[in-house]
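Just so you know, UniProt numbering puts 295 at position 295 of the sequence shown, and the rest follows in order with no gaps.
Some notes on the structure that comes next.
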Amino acid sequence: MASLAPMLSKDVPDIENILNINPKSTIHANFVPSVHTKQNKEHWKRNIHEKCDSCVPLTKNFDDIKHTTLSERGALREAARCLKCVDAPCQKSCPTQLDIKSFITSISNKNYYGAAKAILSDNPLGLTCGMVCPTSDLCVGGCNLYATEEGPINIGGLQHFAMDVFKQMNIPQIRIPNQTVPHASTKIALLGCGPASLSCATFLARLGYNDITIFEREKYVGGLSSSEIPQYRLPYDVVSFEVNLVKDLGVKIELGRSLSENDLTIQGLQNSGYKAIFLGIGLPEPKSISIFENLTPEMGFFTSKSFLPVVAKGSKPGMCACKSNQELPSLRGNVIVLGAGDTAFDCATSALRCGAKRVFVVFRKGFTNVRAVPEEMDLAKEEKCEFIPFQSPKRVILRNKRIAAIEFYRTEQNENGEWIEDEEQKVVLKADFIISAFGSGLYDSAVKRAMAPVKMNGWDLPDVDETTMMTSVPGVFCGGDLAGVAQTTVESVNDGKTAAWYIHKYIQELYGSTVPETPQLPKFHTAVDDVDISVEVCGIKFENPFGLASAPPCTSSAMIRRAFEAGWAFAITKTFALDKDLVINVSPRIVKGTTSRHHYGPEQGSFLNIELISEKTADYWCGSITELKRDFPTKIVIASIMCTYNKADWTELARKVEAAAYVLLRVLKDMGFRIARARHTSFIGTRCDIFIITFDVGLGGVVFAIAKSNGDAEDEEHKEANEYTRHHVVYSPGINDGKTDPKLVRDISRWVREAVKIPFFIKLTPNITDILSIAKAAYEGKADGVTAINTVSGLMGLQADATPWPAVGLNKFTTYGGVSGNAIRPQALRAISRISKHLPGFPILGSGGIDSAEVALQFLHCGASVVQICSAVQNQDFTLIDDYVTGLKALLYLKSLAQMCIRDRSPPTLKHQKGKPVSLQHALGKNVPYFGVYQKLREQKIAELKMHSNPLDEVVKVMRPAPGPIAPIPTVKDVTGKALLYIGNFKDSDDKKQVVALIDDDMCINCGKCYMACADSGYQAITFDPDTHIPKVTDDCTGCTLCLSVCPIIDCITMVPKTIPHVIKRAYNRVDPLKKITELALLRDVRVHRIVRDTKLVQKNATLKIDKSPLLAINPEPGGNTERSSRSIRSCAAARDTRRGSISQFLITLAGMTIAVFQWHL
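Here it is in structure tokens:
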């Protein structure tokens, strides 16, 4: 029989229509004629410019064109791909020796401040270099991933992204507190405000020098970064940002002052009291050849030095104070650019934006000899510049005093490697404009005379010691293009950096002081770095809340020593026992997890281990504790111990550990330290005597890891307690297969409390029904706190032949091990928050998947006092502590700033495609995607608007003075437990404030992941246009957020408050069928027949009676009340039913045809 309503197990027509293009399994091969595919592919192409014969004009379009630009999504994915190599070749290839591994690690951990700090510490122009560095020839060229199929890391793009986020934070640079140098008031002059001088001034100011002045000839700052690198590669606000950072340190900049015999001279500056001078004026004049003599811009001739600065002034908002007389050069027709360097290609792409119809780049040698880096050449190629090799210019042809053409001779290379010109092979190219980009030099005699008595070399440039950057005149240094070594911005920056140290050395030696042989330049510093992240637990002060867990990173005390040297605040020893309980570990025993799928290399989402406790003796560890506390009095050493369920054993080992601390006290006293007995601290009902040295730093506590080992999780359930706990060294005591025995925890806690006075914590396992019961037992046993959580019992994976991994021995045996890392973070946060809610104030050493400062803050918010790290170090190394510290400081500091709209340290997401802002949203007045014909139409519209725009109209944001904190910077204690008020039972949730998904068409990449997830795993509330592939959320959205969870673009989908009534679909069996029947009756003759139990239908139109009563029929007149009819049917049926509450069965006919049988609960 057909159904009155659609079948419950079949989608209704509306849903079927939505699912029309949802993926379906096929049983046949796909079949489409090629001619149709050729037509169809044009509709979907995203690389629409590959074969573009008539691309849209680029006039006045100075939008970002760099391939390396990354959005946050792109940056996080690329940073995760980085191997963070040891002795990284990328760093060795960077002129400034940037710690690339560290800053990419910070990006991967969403610590964008930490990344910027690492970059700016070595390169004060980190944002500029991130945008324009020829990385293929530098850091990227040495990337080890060049040896893999996916290729090297986009280091420049990552640097650009991190610095741009920091730029948005608008936090000024400050000098490291108490950083000073003798003779700090020494006068220092720097000539030229380009990259070399800015870098030199920055490092000198960081060292502590207070009287530093930069003299700049132009009316703008930045040197070639401002005047010759186009806006679409390096916006002026980037230069301004970096100059502000220099000025934050007190460096003065005077504009309109030049090195010239008519203004500033070396001798004049020295006579004015300047003890050190840095020359960074660059190479201000263009190289030229005789055929261009007497040619002017009015005739159609430019050099790179006359063309690019004019382009910059007409396209870079904020560069010049007055924009009324700043216009772009007006080009047209064919433009010939001569040269094969980076500058030549900048001229070529700039010419297109100044109106050129076609641009030809002509050079003397072949493509294999092009000096420009691939990044520059590729951009010009994509913008349809044409390249003509093996041509040497010989004659310019004029017509009506304007350039009409240029004649070339063909060049060839002979057997001796010399390049010769073949006068028989001539080429004449029509040209409306010619731009020569043959390089630059220093030709102005007035400038050279102003440099006297500096000695010049064979290239008529200052003779410079390339190691110290000092000229022939003591106290006069030189860097950048002028010094003859640097050919890129980053090399100029390093010249300034190098000169800064040797200027410092020169000044100090001038006054009879000395400096270290190894350069020691201060790092970048802001108020963020002064945030106090220390915390006190059980009367013990921790420098920061980060320590190493009792795990492989603490296998030996030598490893702990290296961790302390790196900056970790505390470390928990590998769990050790009495000699009678020593263990032997198996191998293999520590393996990568499967939770990251087929991911190889660092950033594993989990590990599994079947490792037991330490194989080292208790004497080794106790001796190590004494040594470590002696050499690192401000660090906290925590011993992790294990015994059988035996009071004597626990007492012996606990006192042995405590004795190690007392030995240290005696040693310190013998060394002359004043030992003070700490005040008694009342805590959770017990009193702990804590001994401290004069620096008021505690000796540390003891964590008692009383529990099951990762390798012995499957012991028999019914063993006696003593035998049971004898083999259990990592998980909590008395626990197996979800069964707990809090008595064991309580007993052992009390034994230890009786034995020692120093603090101790109980380590808790999540492999139980209720972790809170064990925490309460520790509390009742007078423990000072707990560690939560330990590893989660698991079996990580099996091979195709059914053997496990890890497989031990010839029989390939394994056991259930301990899963660690990010995979167990949800269990850890749940356990910590639950314990904190029920035992407020009870200290918790948090652990379980803490791979960043961002995650550490989550643990603190849930109630952890400090946090322990293991798997993250296994993924990387001990230097991670730098990222954790700067990350947490930044998170706390940013909470105090008004200008920050921070979501997990992420900047507000701007509408973008491929990391670049969407220049015109809904350009065609409707939602259209960014591919195929739609993108062509969009670009045409943008080109029209750009043509009539003024690039200088962009509003320049004022960044100084930078706003400071408007609220107190929270401490670690302030944020501890802050999330608990948001965590509770489901019944406390608000089911009235519903949300729905909102999809941003301008950020959507049309993948349909939201649509598929909603269709096959959700509520079929997203439609997907078959032509535009634009998804749309319907009113059926229930706000489940699955679509957002699978969307590959950050913030493309957001959840917004629901503004329409929230109607819950209870399904058809929850709807009153009689009401539906009466609704149908308004249109057709509907009859309802009551079926008596066990009565069979005789025929379709049979009138079925109950106790021979008349049939039930509904024949309302037009406009009849269907609700009343429904009630009458229900009443009639109920009146004839002597069994109230029973289920009645009905037969329904529509126009004489049976259409359904249904049941109704009366």
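The beta carbon of each residue, even a glycine, is placed where N, CA and C say it ideally should be.
Grab the span of the alpha helix (DSSP H) containing residue i for me, first residue to last.
| i | result |
| --- | --- |
| W501 | 489-510 |
| W751 | 742-755 |
| E382 | 374-382 |
| D1016 | 1009-1017 |
| residue 1163 | Coverage of the chain is limited to positions 1 through 1162, which leaves residue 1163 absent and any answer about it impossible. |
| P89 | 89-92 |
| F360 | From DSSP, F360 is part of no alpha helix (DSSP H) but of the beta strand (DSSP E) over 358-362. |
| T791 | Counting along the chain, T791 falls outside any alpha helix (DSSP H), and DSSP gives it neither H nor E. |
| T541 | Note on residue identity: the sequence assigns Lys, not Thr, to residue 541. Looking at the DSSP string, K541 is not in any alpha helix (DSSP H); the run it does join, the beta strand (DSSP E), is 540-542. |
| P13 | 13-18 |
Quick check on this structure: which residue in the options has the alpha carbon closest to the alpha carbon of residue i?
| i | options | result |
| --- | --- | --- |
| E536 | H504, L910, E603, A569 | A569 |
| G458 | R449, G484, A115, E652 | G484 |
| L308 | I435, K455, D1027, V867 | I435 |
| S836 | G887, A775, E78, P826 | A775 |
| A321 | N244, V32, E218, F301 | E218 |
| P1048 | I27, R77, F62 | R77 |
| N494 | K911, D1036, T96, S9 | T96 |
| G208 | D99, K523, R655, V447 | K523 |
| Y930 | V955, N47, A79 | N47 |
| L839 | G977, T471, P57, W621 | G977 |
| A962 | K812, F166, W419 | F166 |
| residue 1176 | E939, T575, H598 | Not covered by the structure: residue 1176. The range shown for the chain is 1 to 1162. |
| H525 | I533, A551, V473, T886 | T886 |
| P545 | V866, S121, P177, A659 | V866 |
| I388 | E944, I277, V427 | V427 |
| G794 | G809, P766, A558 | P766 |
| R410 | L429, N144, N400, G479 | L429 |
| Q391 | H67, L891, N271, E423 | E423 |
| A659 | S896, T634, G223, W621 | W621 |
| F161 | C139, G74, F215 | G74 |
If you follow the beta strand (DSSP E) that residue i is part of, which residue opens it and which one closes it?
| i | result |
| --- | --- |
| M1055 | 1053-1057 |
| Q935 | Premise fails: Q935 lies in the alpha helix (DSSP H), 932-947, not in any beta strand (DSSP E). |
| S106 | No beta strand (DSSP E) contains S106, which is instead part of the alpha helix (DSSP H) from 100-108. |
| C478 | 476-478 |
Can you name the residues that DSSP bridges to residue i?
| i | result |
| --- | --- |
| L191 | F215, L279 |
| F576 | I641 |
| D422 | R410 |
| H912 | P917 |
| M456 | P462 |
| P393 | F408 |
| F878 | Answer is none; F878 lacks a bridge partner. |
| E536 | K541 |
| M470 | F477 |
Can you give the beta carbon distance from residue i to residue j, rounded, assuming they're within the 8 Å contact cut?
| i | j | result |
| --- | --- | --- |
| L608 | G593 | 6 Å |
| T488 | M469 | That belief does not hold up - the Cβ atoms of T488 and M469 are roughly 16 Å apart, past 8 Å. |
| I1050 | V1033 | Not a contact, Cβ separation roughly 18 Å. |
| A450 | I171 | Contact flag wrong, Cβ pair sits at about 39 Å. |
| Y232 | G318 | Wrong, their Cβ atoms sit about 16 Å apart, outside the cutoff. |
| D63 | I229 | With a Cβ gap of about 15 Å, D63 and I229 do not count as contacting. |
| A348 | K365 | Contact doesn't hold; Cβ gap of about 17 Å is too wide. |
| S749 | A778 | 5 Å |
| K84 | T105 | 6 Å |
| E854 | V56 | The pair is not a contact, with the Cβ atoms about 42 Å apart (cut-off 8 Å). |
Residue i: beta carbon under 8 Å from a heavy atom of the ligand FAD?
| i | result |
| --- | --- |
| K993 | Within the structure as shown, the ligand FAD is missing, as the structure has no ligands at all. |
Every unbroken beta strand (DSSP E) within the region 322-350, with a cutoff of 3 residues, ordered by chain = 334-338
request  = Run through the region 793-875 for me and flag every whole alpha helix (DSSP H) of 4 or more residues, listed as ranges in chain order.
outcome  = 825-838, 853-862, 871-875
key: Runs of alpha helix (DSSP H) lying entirely within the region 578-624, each at least 4 residues, in chain order   = none
3-residue-minimum beta strand (DSSP E) runs that sit fully inside the region 249-331, ordered along the chain = 252-255, 274-279, 301-303
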